[in-house]
Structures are given as structure tokens and as C-alpha cells.
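Counted the way my numbering counts, the sequence shown spans residues 1 to 1001. Where a beta carbon is used, it is the ideal one built from N, C-alpha and C, also for glycine. Data first, discussion second: the structure below is written as C-alpha cells.
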Amino acid sequence: MAANQTQRLDAGGAIDRSAPVELVVDGTTVTGFAGDTVASALVANGQLRVGNSIYRGRPRGILSAGVEEPNAFVLVRGEHDESMLPATTLELVPGLDVRLLDGIGVLDQQPDPAEYDKMHVHVDVAVVGAGPAGLAAARAAAATGARVVLFEQDFRLGGTLLASPDEVIEGVPAAQWVEQVRAELDAAPEVRVLTRTTAFGSYDNNHLIAVEKRAEHLDGTARDGIPRQRIWHVNAAQVVLATGAFERPIVFADNDVPGVMLASAVTTYVRRYAALPGGEAVVVTTNDSGYAAAHALLEAGASVQVVDARDEGASASVAAAADAAGLTVRAGSAVVGIDGGVAVEAAWVARIDADGAIAGDPERIASDVVAVSGGWTPNVSLHSQRQGALHWDDDLAGFVPTSPVRDQHLAGAVRGTYWTEGCHVEGRAAGLAAARAAGIEGESTAGVTEPDTAAVAEERAARAGHTRQLWVVEGRADGYAAHFVDLQRDNTAADVLRATGAGMRSVEHVKRYTSISTGVDQGRIGAVNTIGLLTRVLSGDDTRAIPPGQPGQDEGVGAAAAAGSAKRPTPGAIGNTTFRAPFTPVAFAALAGRARGDLFDAARTTSIHPWHEAKGALFEDVGQWKRPWYYPRPGEDMDAAVARECRAAREGVAFMDATTLGKIEIRGADAGEFLGRIYTNAYKKLAVGKARYGVMCKPDGMVFDDGVVLRLAEDRYFATTTTGGAARVLEWLEEWSQTEWPELDVVCTSVTEQWSTIAVVGPRSRDVIARMAPDLDVSREGFGFMEFRETLLASGIPARICRITFSGELAFEINVPTWYGLRVWEDVAEAGADFDITPYGTETMHVLRAEKAYPIVGQDTDGTVTPQDLGMDWIISTAKDFIGNRSYSRSSQQVTDRKQLVSVLPVDRSLRLPEGAQLVEPDALGDYTGEGLPARPIPMLGHVTSSYHSQALGRSFGLALVKAGRDRIGQTLIASFEGRFAEVEVADAVLYDKEGARRDG
């Protein structure tokens, strides 16, 4: 026995006794070995208590040996403290300094200096879980030559085999078999084995997300250049889920006292970690699996008594083994109470009846550990995240998958296969099936037939033996206030009864009423027992009220199935709770990866950005882009710079970097039809070489985005979007293409980064373009408005030149591949130098477009504005349907006082109204002076959306959304802002060149 490790066995286990490791726990140094977890080191040192419960302050101890742990949480001290880590999965490494937590932690407010990153991979087969089923699956798939990734959340491969040294697979001991398979997988060129990696999310098309711990196991601290954790995004052609199962506790009085542990955890601590939880043990079980803990304890030198809740006791083979080992077994009995406050001192055992009520005199059995097994719950989280079907298996007493999700395969305990050879057979079959479904046929498997899994399915129930569905055991005292269902949340059977007494029938309602299953363990400990408790208290009319639709719920439950029935429902009638990602907690830092600090919202710049900087441009953020705001010359403020830039665009020539506009290519035979449904106007008959301005709306008819669409070929379009809306527009197109109209032949691709766009604007812009593209006919007759040409520039650079304007002036847009952007920009500057060509920024662009009443989506719209409100009735097609079209027939669209876009002209021609200024009727103010709050609410007619000073108009002006705005043209309103009032005249939205004469030069 190791020094200070009073409960460490002298031999056995998968630990390295030659590598002692010191651990600081709450300031006290304890010793373990390499291969331990923090929890197993505590067990070896005789410490089962790990703190108090979150609400009631009751002593709590280690319950499990895995991710389902509800009690043993620690805070790891370091440069950045990590909180709420399960001690049962935290690998023991040198330098660990932990503090035991009472079920709740606090996030460290200091920055985390560690690195985190992400990896994206494509594989033929992804296998989740490296127990006997997962290893067999990975090995079989790898033998075909398939590209395979194997995820295992533990730091060792083997799963349950790590606690089953006596198991034999393929004629060799389990530990040797695991090492052989590991060696084969490591040698396979297309296989990646990821230990310490938890697959926590499963999404459509077999997209898996996993988190890998990469640095914690090295020396307890993150290392430079080695990410502490890595998020894996895996796209798999086929997935094999070999995720195992969780053991359930039994709900009896004081089942939370330290020393009450899951039987499988006791087996794991004894056989994997060579740590003995106690010397006097009571094993209470409802099924055959609990006997493994009894044998493990007995072999480790403990005294053991088995309490089997089944009247008939264990199956024949298990009973024979127990008899041969000399185990004392009490059948038809259960633990009905625990003596001890901070540790188990004794267990009270009594015979029970069919309802779990005491049917005989309780007997006190001195003990220091009580190992409990209430049955098994297949780990169906990843299966259920994909909406995989479940059903309640009464023989196995658990929710099991009905069938795999498309392109997925199930193997092992996740299917209710609870013996090693069955897991091995199913795993091998699943691996071969997955590889073949992925289109891989290796020479090594030529002529090999897949094992017959039908025999495994038939044997499943027989092998598992009878499991008594014992959901609660009555105590020696009245009530259920100490019968714990969810140990982390301090929820008891009494809480479940309180929920049903309040009218809760759905398990989801009970979950939220009590908070059961909302802790870190996410129902792995308490969910099924809660459902079982509901079967004890609901019947008759209660059953009719159970709502349908839960995972695992029987078809036909509810009024039709239960009318007039007083029979208690089965767990299948109630169904399970909903499974959501993540399967286990994931640090926000890991999810963020490198997207922190400056990279959290990375600034995007165009290829022309260095030129803008060199010319002294000031920038504004538009979406993620840094766009030139204006270019001040020495002595100029913003107003002076913008005035100069506006004059250049209206009177001479100016140019602007328009690269940041979103750009999306839409390809496919049905691209025109698709765009016609997306935009309010039509594109099917748009000629190749032509362009058209379009508006897209949400289903409610409100403006969503706008831009210009070019038809590049019969099956190819090029659409621009607003700078800030590019990503959401692409998502919008993908949503409708994939979910609503999948029959259309359409592919959408973002090309924003692939093109640099330079707008050349003004009366002399035609002269500049003629110099840039000497082979191009840029005359008014030869190059019409809303047309584009593919050409070679004078420099030999290929370009796409468009006749598009966002200023109302004669204008061209030069589009070139991004890597030519700066070169072409400089060429434009040189070509227009003798015309005093002037660069202009976004502020000037806004002035120019506002003079023409060209709206900015998101500035002149607010989600309640239709194209008609903007005065754009002309863009609404009456010959086709489109998203939002139906909404225009709603009564709310027909009212006469909808807010409409108009211009507002301050009576004081020099006053530039603040954007957002409210507009009211002149007589609405009454005696309100602007100080404090008005005596009564003042009705607002609208607000100013854009406001500028115009060189072309020689005055200030604004755009505004005003109720019945077009009917108010010529009226005077009052603008309210900053405690001031100003008179404004309502005018037509278009203030400059209403006829459009300047557009064509």
C-alpha cells in the first residue's frame, strides 16, 4: 500500500506505481499515481466526501467515475482558474492545485492566457467512443482503407474494458487486445485517434463537433504554441455511435450520504484505479450488473452483502457465480435508509413489496460504502440530437434507439447490448457497414461477410437478465424529502410529487418546475428515475393529459389511448426529456478559439486600404469592414472635406472604393426562377449583359436588403448586397434554397473577397473610363445604363465594367480580381489626374444618394418598412409571386397612415438635424418647452433617418419616415431633439435631378 494512500490496493489497476504524483486539495497535499483521476486519488486517500450540496448544505460524496458525476466538482487554480470540472474525469498531472466546490463555481474574471484553436476535417467514418464496440468499429473501418477518426473522451482507450481485466476478446486479455487495436490504428495511414476528446454536438449531414484537451495532461499548464484545447469540426460520410450507457442510482432515503456510490463506479475504482472505496460494503441492485461490484469488492478484501430487489434474484449464471464466491444475497429487498451524516455508517435493509414499500422489519447492516445499481440508461444524447427515434424497452428498462439516423450506425451499450462479446460483434459489423456505405471497399475485407447482428439483438434481453423497475423505495419515516433524484440540484422525490400536485404532467414541465436535469450532468443521473416516479403517481385522467411529442414516447399516448384507463403509464407513455448540445460542458474560450481580442471581430480591409491610409483617410466601421469615411486635406474638418468631395462628384469626377459590397454568385439552371422568388421583381428574362436593381423582403413584406443583379450567363447571376448584410443575405438564400425549394437547381457562392470594385462617378467619368479601357465603347449609345461589359483594361488586366450609379450621376463601376485592386485604383487616379479626380468616402456617398432618395437598408428602414413605403411601388411585380408578396394584402398594409419616406427641409437652412430627431404636429407640443418630461405623451409622426448638408442644394436636408408622409408634402412639422424644437418643411423624397437627366451624362 502506497504511503498515505490508505485505500490503495497493493496490486492491480491501470495506474503507474512508478510515477507518483502530488495533488493539492484545499491546501492539503495528497498523493496519487500517473493514470489516476483526481477522484480516484481522493478515493485512494480515503476521502469520499467532496463538499456540500448546493441548496441544502448536505454532505456530498463521489458518486460516479465518469462524466455523469453530480457531486465532485473542483476549481483548478492556475494563471486562469477553471471551475466546475468533474473530479471524476480530471486527469491527475503534476502541479494540480484544486479546491473542492459545493456544486457551484465562479468564473475567473482574469483573462485566460492559454491558446485555443479549431480544426476542420472530412472523414469517411467517424467513430464516437473507444470501448469494445468503438474500437472494433474503428478497426474494421480502418482495415478497408477508409479515412477514420476515433473520438474518446477518456485519456485511455478501452471504455468498460479498463475495469474488466478478466475479460477475454479474440482469445487475449482485454488490456492486451486494447493495446493491439491501438497499435493497428496508430499504424494505419488514414486513421486519427483522438483521446481526451468529447464529441459534444451532432448536427445535420453528419457534422460533429468535439472538444479535445491538448495541453492539460502535459504538466498541468498550457504551453506556448500548443493550444490548451481544440474544437474539432468533423464532416463525416458515415458515423458510428458507440457511446455506451450510464448506470442509474436507486431513490431511497438518504441516498446522498457520502459513501453511496454507483456500483459501476465502485468496480472502476477497484479494478481500474486499484482504490478501495470501503471495507464494509452493501451492494444493492435491481439487475445482474450490480454483482460485478460485489465480486470486485470481495476480491479486494472487503466484506460484502448483496441486496437484490428482485424476488427471484439474479439470473442462473450470475447467481451461481455469487454462490461460488460466497456472497451473501438478500433477494426481494432494498436499502430503505442510511445511517451517517458525513459518511455512511450503516445501511438499513428490508424486504419490499411490488410498490417499493417496506414489507418486513428493517435490519441495520454496518457498512462504509453502499454500491447501487438501478439499471442502465443508453447514452443516446448524440443520437437524439439528430432527432433519432427512441422507444422504451421494458426488458432492458431503458430508452433505446429504435433505428439509427440516416448515415449513422449504432453499436454496443447505446443499443442496450451490455456484454463484451456482443459489443465487439456489433462494433465490427457497424465499422464494416459504415466503410462500405461511404464507398470504401478494401482488399483486406474482400470476401468477408458482415457478422449477423440479428442474433445479437435476440440475445440482448436474455443476457441483460431481468431488471426490476424500482423507481422509489419507501423509507422508515414518512415522506420523501430525503429521497434524492437529482443530487446536484438537491431535488427529491418530494419535489416531483409537488410538481404533479401543481398540475404538471409533461416530463418537460416537471423538469422546469423542479429544475431536475438542469445541472451539469444534464439528466444522466436523474432523468429516467424522474420519469419512473411519474409512472408511480400518474394514472387515469392524468395519463390522458400527458402531451405527445417527447423523445421515446409511445405512439398513440394521450386521450385516445388512455381514455377511461386507471392503469399506470409506462415510461414510454411519458417519454424522455429533449437532448441538446453540448453533451458535456464546453468552455467559452474553447468555442471562441482564436477569435478573441483583436480577432473577436476581425477588421476587414480591401486591397486598396494602404492607399487610403497613405492619403490620410479617416475610416468608419461598416459591418466588419474599414471603409474610408472621408479624406481630409490639411486644415479641413469633415464638413469641408465632404463638401469638396461632393462638388467633385457632381461637377467633375470622383472615385470610391466600393469593394466592401457583398457579392454572391448564383448558378444553376433554375437560378433565374430562384431570384424571381427572392426579389420583388423578375430576373428570369433579364438578358445576359444586363443588370437590374432589386429589393428582397422578409415574409412579412418588409425590406430586408437590396442591390444590383447582373446576368453573366444563362445559368449564372452576380448579385450585390449591402456591406453589412452580405452574410445574412447569403444565409437567407441558402435557407430558402435548401429548406423551401430544394428541387431548384441553384448553388450560391460568396465572392465578396474575390472582387475589387471601384466606382468612378461624375460628368467626366466617361473620359476616365475611356482611358482605362480604350477598346471599350463607353459612349451613351454604346454603353447603356444598367449594362456591363467584360473587357481588358489598358494595363492588360481583365475587368468587368458596369454602368451603375448610386449618386444619380453618370457613373461606372470597375470590377477586377482582388489582387489587381490596388493597381487598378492607382491607374484610375492617374487616368483622372488632369481632371482633378477626387477620392471620396462613405459620408459623401451618403450625401449623394440621399439627395436622390436612394435608401440605405437599416438606416432609412427599420424592419417595418415596405418598398411601397419607400415610394418604390414600381419594383413590385404583379406578374409573379415572391417572398413577402402575400403580406401586401393584409389590412395593415392598406392603411393610409403608414410611415412613408419623404424629405424634410429645416426652415433654418443651415441647421443639420440629428438623425433620430422626432417629428410632431406643430400644435402637439402645447405648453411643453422641452425641459423635463411633458405633462402628457406627445404623439410622434415619425423620425429623421438621414441628415446632411448638400452642396448641390445649398442647404441642409434630411430624409424621414413620416406617417402619411406623401400626403403631408408642403406641410410644416416640428422636429424635437436635444431639448430643442425646429420647424421643418415636408418635401418630396427626391430633391436633386428628379428627371434623372444627369444619369447618362
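- By the neighbour-count definition (other C-beta atoms within 10 Å, threshold 16), VAL904 is a buried residue.
- For THR844, no beta strand (DSSP E) encloses it; the enclosing alpha helix (DSSP H) starts and ends at 842 to 851.
- Per DSSP, the beta-bridge partners of ASP16 are ALA34.
- Listed in chain order, the non-local C-beta contacts of LEU100 below 7 Å within the same chain comprise VAL25, ASP26, VAL50, GLY51, VAL74, local neighbours out to five positions each way being set aside.
- Taking the Cα of GLU787 as reference, the smallest distance to any Cα among VAL729, PRO774, PHE812 is reached at PHE812.
- Linking GLY416 to ALA245 through their CA atoms gives a straight-line distance of about 8 Å.
- Inter-residue distance for ALA300 and GLY375 is about 24 Å (C-alpha atoms, whole angstroms).
- In its chain, beyond the 5 residues on either side, PHE73, GLY105 have a beta carbon closer than 6 Å to the beta carbon of MET84.
- In chain order, VAL920, GLU921, ALA924 place their CB closer than 8 Å to the CB of PRO939, counting only its own chain and leaving out the 5 sequence neighbours on each side.
- Annotated as distal: PRO249 and VAL43, with beta-carbon spacing of 8 Å or more.
- Here GLY341 has PRO59, VAL257 as same chain residues with Cβ atoms under 8 Å from its own Cβ, once five neighbours each way along the sequence are excluded.
- A distance below 6 Å between beta-carbons, with the five flanking residues on each side excluded, links SER303 to the following residues of its chain, in chain order: GLU280.
- Counting of Cβ neighbours within 10 angstroms places GLY597 among the exposed residues, the total staying below 16.
- When beta bridges are read from the DSSP output, GLY707 appears opposite GLY694.
- Sixteen is the threshold: when 16 or more other Cβ atoms of the shown chains lie within 10 Å of the Cβ of ALA263, as they do, the residue is buried.
- When only Cα atoms are considered, ALA236 and THR420 end up about 27 Å apart.
- By the neighbour-count criterion, in which a residue is buried when 16 or more other Cβ atoms sit within 10 angstroms of its Cβ, GLN229 is buried.
- For GLN305, the three-state secondary structure derived from DSSP is strand.
- Within the same chain, ALA263, VAL266, THR267, VAL283, ALA371 come within 6 Å of ALA293 by CB-CB distance, once the 5 residues on both sides are set aside.
- Contact annotation, ALA242 with VAL127: C-beta distance approximately 6 Å; criterion of less than 8 Å satisfied.
- Look at SER40 here: in three-state DSSP terms it is helix.
- Around the beta carbon of MET638, a 10 Å sphere encloses fewer than 16 other beta carbons of the protein chains shown; the residue is thus reported as exposed.
- Pairing THR945 with TRP232, the inter-Cα distance amounts to about 45 Å.
- Closest in alpha carbon position to ALA14, among PHE155, GLY103, ALA354, is PHE155.
- With contacts defined by Cβ atoms closer than 8 Å, MET845 and MET702 do not form a contacting pair.
- In the structure shown, the three-state DSSP call for GLN408 is strand.
- Shortest Cα-Cα distance from ASN681 to any of VAL586, THR6, ASN885 involves ASN885.
- Counting C-beta pairs with one atom in each stretch, the region 835 to 845 and the region 625 to 644 have three or more that are closer than 8 Å, which means they touch.
- Considering only THR660, ASP705, LEU933, ASP166, the residue with the shortest C-alpha distance to GLY12 is ASP166.
- Residue state for ARG800 is assigned as strand, using DSSP reduced to three classes.
- Between GLY332 and GLU474, the C-beta spacing is not below 8 Å.
- With respect to LEU157, ALA130 sits close: the two C-beta atoms are nearer than 8 Å.
- Within 10 angstroms of the beta-carbon of TRP755 lie 16 or more other beta-carbons, which makes it buried.
- CA-to-CA, the gap between THR29 and GLU22 works out to about 7 Å.
- Annotation: the continuous alpha helix (DSSP H) that includes SER317 extends over 316 to 325.
- Between the region 456 to 472 and the region 312 to 327 there are three or more C-beta pairs closer than 8 Å, enough to call the two in contact.
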